[in-house]
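Student:
Right under this line is the structure:
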């Protein structure tokens, strides 16, 4: 059964308690978002997620989207849910007040995102893609385009898409063929086919605004000749109502492994009118503005699905009676004990729990940096926050989505045979989680971004935004009588990370394939240390709260247990990653392609 | 695209070259199976897999099975394929000649199984379940039952099932409720509902023979009161033709994550006539005869799907053009290089390759032990082989299926976005592979079997059947100038395994929860060392063959590369598992159930 209650207590811990000393300080620009207001937003978001979106998650998976005569229908209930969502102002949450948004801090917004994807990731893509399009348009669009499109996109009256991929090119967008021919009036005519377009066509909004990568006739080859265009499904009339159709048609909707409530379309543009966003041939830059924000959000998809899978597994593990506890019967009046008594079931539940809490904690830190990058008054803080965001974006995207998938799989394993059956609802989490490891840049691409771009940038400056707080924390807390052992575990893992970094820097300088060969393991290693650091911090906060006589000792004691479990059982993965990195590219690259 | 060519060269390497010195010696009882005959069988099996079964794998997934008016239909083409399969004698391959089987050694049979599951795992379950039923019947059935049912089951004219699970009990079969009431004529009347019955109903055979676990009215409670019954779908006439219907009906077919070509049924028995197999209340023993054989076969499912996924990924990685090699353009006349040039793609392909070759090698060793257990003349050899099989059965089942799933996932990742689309065929491998981690005893149950039963049995005797050859090999080969480094890697991993074993033995003696808490990590650890041992042996064979001027140096050089990759990149996982084991049960068991 799909069970989900937003983990509000832990979210508030992350929002208010865990990162108070993260060095980004208070942000006066966000002063209006008081803790009370933040809590109220989180509480309301939880209601929407649980009451409006969750009930449509499983039915949406079963029913899927349909395409008939060029019209795409979303699953039953999605339209009504979207209307409620939009009317409640949830589409506009994170957008700029200037365009009708609520300007919510990212440190709060990412938590609401987590709830929404946990409840219904397919649904989340409709407003999610709009938000991505909004971001790109806001940063790079002309005033005229912004005035015309942003208010309706921000409100959710219209939705947006990102049209990048073509059948023959995804990662290597330099190969793309969609053409944009300039017209006398300053507009362009676009012709070409795009695939994998999330929310490319649907029945939720009156218009759909496509952001399309295309190539002008005079464009230089490769990625340096790609421009970004805004192409509406319907050309808006001057009063803003949708006007004539614009030559955008749906070739097919993709038959996907999961995410079936989300309409993923093949779109054909035939002489469709579009307007340039940003400078000619600078489309990749505009796209990356959007992409970087989206990558953190895709990471949050991993976390959200992981949380829903965890809760569904906990529910089952308490409900399902099989066998007796090794430590003696726990349910003497029943025919058997609930399976939560069994150590191997505990191992799975605690693993899921630790990944979720760890990713949530790390995401909280990265979100605070997103806010500081935007709003900090001190340029040094602003720069440090930006560095940290640049460094952590690929880590959050890749590691959270890998872990979300692992967590969803553990839920199926807790259910046993019942988990393999659609009715259980948990195999859906596996199928839904799988795509997040691929889209917005595969996790391999994230790893290359981290190792190839982020590590060497500015002589390793990005990395210092992470290494300094970690080494400072270790130095300060190592001697703690109670928690010193955790800190020592962190220190050891951090040592491995430092060594791995030095190895990659040294070898990769001489041979970029060496860095690339280490990329995925290094990303995991960095993620593990970052999560470990968050757990170590959380343990100190929890310990101090208990000592100070907190009224919620249960929450803090559980946090201490989960932190210990992470250090006991999951952080040892550091040595596997480190060992693989040390080995270098030799055996990985030795076979000739024809020997495979 | 689903690409599969049976890896015959590697299979013959495993069958003839790798395990020649495994200490089980030649088995005169199997002398008729000369290397030439074995090769001929493998070559023919490859044709059947590739030509008859593979073309139905993807279409079977798309179409699935249907239930209409109590009749189950398998996907288009399955019936014709089954007839060809049966007529070719493939159903009878591993069965005893006494009943019309061909008595193929398991060391060959497991390789043919690998091919069949690689080509079409859904199809494989129909003959596969029959083979399981045959095994149980052969070992525990009365002569009359054997005479009546075995010839037709062995030939594949009829098929078999295993009816264990009920809605409320899977792992804990002691809870089952299906009742068997004795009749005056020595038969029984069975009433109850079973779920998850593979091949429970279908249109491939004239009759279906169900092996059903049920409880007699006077049965003691729990697992000690379960008996095994043979319940045919149609009661056979005296001439062997199917006679009257026997009250077995299909309640539903399950909607599963994958394996959609396989009809998984809910079966209802209503006063169905059955006959006891084995002694009253000893049904679990009879069932475990079958279960243990089947567990190795389920492990082979992981391997087979892993191989198909690997080959499909290699095909795509050579075909798909994206980006340019970091070491310089490799395909100058094309728009981009094939993605196989990229280190992170290599990492995935080599990982898949190493898991597959490693599991195949280990399976070859276990299969030789299965043969020696059955046919060795020397009682010492027979005992040692039986010990090794007992030890390795849970490892093969759990580790191979975990790795098969990981491998299938890597294939999707190599395909990127295209891998998430049904048409690619690779997401099917993920869905199909997922069940193998669950059925025939979840992988957690395998781990408990290993740690709770197999390790302590006879004062650790089973383990010695593995530890002795490994330590002997290390002592003998450690100083090798060329490959000594591999052996040192193995020695280190083996040392961790020995320490982990001692830790579990010590802690587990005082507290069985400690052993259970370590079980899954220990199983992985043992699997890694066993695969490492096989790779180390393979490296020596390959090195010596090249030195001796083999006509196939390419094959052996590739084997050396894959072995090195395993030691470089995968064996380091040992330290993660070892670290987790050392931590003990503390943080895993600390939370109260209500704190989840």
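Chains as they are written, first to last, in our numbering: chain A, 1 to 596; chain B, 1001 to 1596. Ideal Cβ placement from N, Cα and C applies to all residues, glycine included.
CB-CB under 8 Å to residue 637 of chain A, same chain, minus the five flanking residues each way: which ones, in chain order?
Tutor: Look at the range of chain A in this structure, 1 to 596, and you will see that residue 637 of chain A is not part of it.
Student: Compare the C-beta of residue 454 of chain A against all C-beta atoms of chain C and say whether one is closer than 8 Å.
Tutor: Of the protein chains in the structure, A and B, none is chain C.
Student: Would you call the CB atoms of residue 1289 of chain B and residue 1139 of chain B closer than 8 Å?
Tutor: For residue 1289 of chain B and residue 1139 of chain B, yes; Cβs fall inside 8 Å.
Student: Is the CB-CB distance between residue 1515 of chain B and residue 1451 of chain B below 8 Å?
Tutor: For residue 1515 of chain B and residue 1451 of chain B, yes; Cβs fall inside 8 Å.
Student: Evaluate contact between the segment 136–156 of chain A and the segment 202–215 of chain A, counting only Cβ atoms and requiring at least three cross-stretch pairs below 8 Å.
Tutor: yes
Student: Out of B:1274, B:1259, B:1037, B:1170, which has the shortest C-alpha to C-alpha gap to residue 1223 of chain B?
Tutor: Nearest neighbour of residue 1223 of chain B by Cα position, chosen from B:1274, B:1259, B:1037, B:1170, turns out to be B:1170.
Student: Chain A partners of residue 1255 of chain B, CB-CB under 8 Å?
Tutor: 421, 422, 423
Student: Pull the bridge partners of residue 242 of chain A from the DSSP assignment, please.
Tutor: Bridge partners of residue 242 of chain A: A:236.
Student: By the 7 Å beta-carbon criterion, what residues does the segment 150–167 of chain A contribute toward chain B?
Tutor: 165
Student: Are residue 1190 of chain B and residue 1269 of chain B close, meaning C-beta to C-beta below 8 Å?
Tutor: For residue 1190 of chain B and residue 1269 of chain B, yes; Cβs fall inside 8 Å.
Student: Closer than 8 Å, CB to CB, is residue 1326 of chain B near chain A or not?
Tutor: yes
Student: How would you call residue 127 of chain A, buried or exposed, if buried means at least 16 neighbouring beta carbons within 10 angstroms?
Tutor: buried
Student: Kindly list, in the order they appear in chain A, the residues whose Cβ is closer than 9 Å to that of residue 1176 of chain B.
Tutor: Close partners of residue 1176 of chain B in chain A (Cβ separation under 9 Å) are lacking, with about 11 Å as the shortest Cβ gap.
Student: List the residues of chain B that residue 549 of chain A touches, going by C-beta distances under 9 Å, in chain order.
Tutor: Chain-order list of chain B residues neighbouring residue 549 of chain A: empty, with the shortest C-beta distance near 20 Å, by a criterion of under 9 Å.
Student: Got a sec, what are the start and stop residues for the beta strand (DSSP E) residue 572 of chain A sits in?
Tutor: Where residue 572 of chain A is concerned, there is no enclosing beta strand (DSSP E), given that its DSSP letter is neither H nor E.
Student: Return the bridge partner residues of residue 1210 of chain B from the DSSP annotation.
Tutor: B:1161, B:1231
Student: Against residue 1319 of chain B, what residues of chain A qualify as contacts under a CB-to-CB distance less than 8 Å, listed in chain order?
Tutor: Under the 8 Å cutoff, chain A gives no residues; its nearest Cβ is about 11 Å from residue 1319 of chain B.
Student: Grab me the residues of residue 378 of chain A's own chain with a C-beta within less than 8 Å of its C-beta, minus the 5 sequence neighbours each way, in chain order.
Tutor: Cβ neighbours of residue 378 of chain A beyond the five flanking positions: 25.
Student: In the structure shown, what three-state DSSP assignment does residue 381 of chain A receive?
Tutor: helix
Student: How would you list, in chain order, the residues of chain A whose beta-carbon sits under 8 Å from the beta-carbon of residue 1507 of chain B?
Tutor: Chain A residues near residue 1507 of chain B: none, gap ~12 Å exceeds 8 Å.
Student: Mind listing which residues of the segment 47–71 of chain A have their C-beta closer than 7 Å to chain B's C-betas, in chain order?
Tutor: none
Student: Is there a Cβ from chain B that is less than 8 Å from the Cβ of residue 564 of chain A?
Tutor: yes
Student: If you drop the 5 nearest sequence neighbours on each side, which residues of the same chain put their C-beta closer than 8 Å to that of residue 401 of chain A?
Tutor: 298, 299, 301, 302, 433, 436, 437, 443
Student: What are the residues that DSSP puts in a beta bridge with residue 1252 of chain B?
Tutor: B:1266
Student: Would you check if there are 3 or more beta carbon pairs closer than 8 Å linking the segment 1421–1433 of chain B to the segment 1460–1472 of chain B?
Tutor: Counting Cβ pairs under 8 Å, fewer than three are found: no touch.
Student: For residue 393 of chain A, return the contacting residues in chain B, with the cut-off set at a CB-CB distance below 9 Å.
Tutor: None at all; the shortest Cβ gap to chain B is about 18 Å.
Student: Who are the Cβ neighbours of residue 10 of chain A in its own chain at under 7 Å, not counting the five residues just before and after it?
Tutor: 357, 360
Student: Hey, is residue 1359 of chain B's beta-carbon within less than 8 Å of any beta-carbon in chain A?
Tutor: no
Student: Would you mind giving the Cβ-Cβ distance between residue 91 of chain A and residue 197 of chain A, rounded to the nearest angstrom? I have them listed as a contact below 8 Å.
Tutor: A Cβ-Cβ separation of about 19 Å leaves residue 91 of chain A out of contact with residue 197 of chain A under the 8 Å criterion.
Student: So is residue 1311 of chain B buried or exposed if we call it buried at 16+ other beta carbons inside 10 Å?
Tutor: So residue 1311 of chain B ends up on the buried side.
Student: Is the separation between the beta-carbon of residue 1229 of chain B and that of residue 1214 of chain B shorter than 8 Å?
Tutor: Between residue 1229 of chain B and residue 1214 of chain B, the gap from beta carbon to beta carbon is short of 8 Å.
Student: Using 8 Å as the threshold, is the C-beta distance between residue 1364 of chain B and residue 1014 of chain B below it?
Tutor: yes
Student: For residue 1183 of chain B, count neighbouring Cβ atoms within 10 angstroms of its own Cβ and tell me buried if that reaches 16, exposed if not.
Tutor: With fewer than 16 other Cβ atoms within 10 Å, it is exposed.
Student: Can you tell me the Cβ-Cβ gap for residue 1306 of chain B and residue 1407 of chain B, rounded? I've got them flagged as a contact below 8 Å.
Tutor: 4 Å
Student: Quick one, which of B:1569, B:1168, B:1095 has its alpha-carbon nearest residue 336 of chain A's?
Tutor: When each option's Cα is compared against that of residue 336 of chain A, the closest is B:1168.
Student: Leaving out five residues before and five after residue 58 of chain A in sequence, what residues of the same chain have Cβ atoms less than 7 Å from its Cβ?
Tutor: 2, 425, 428
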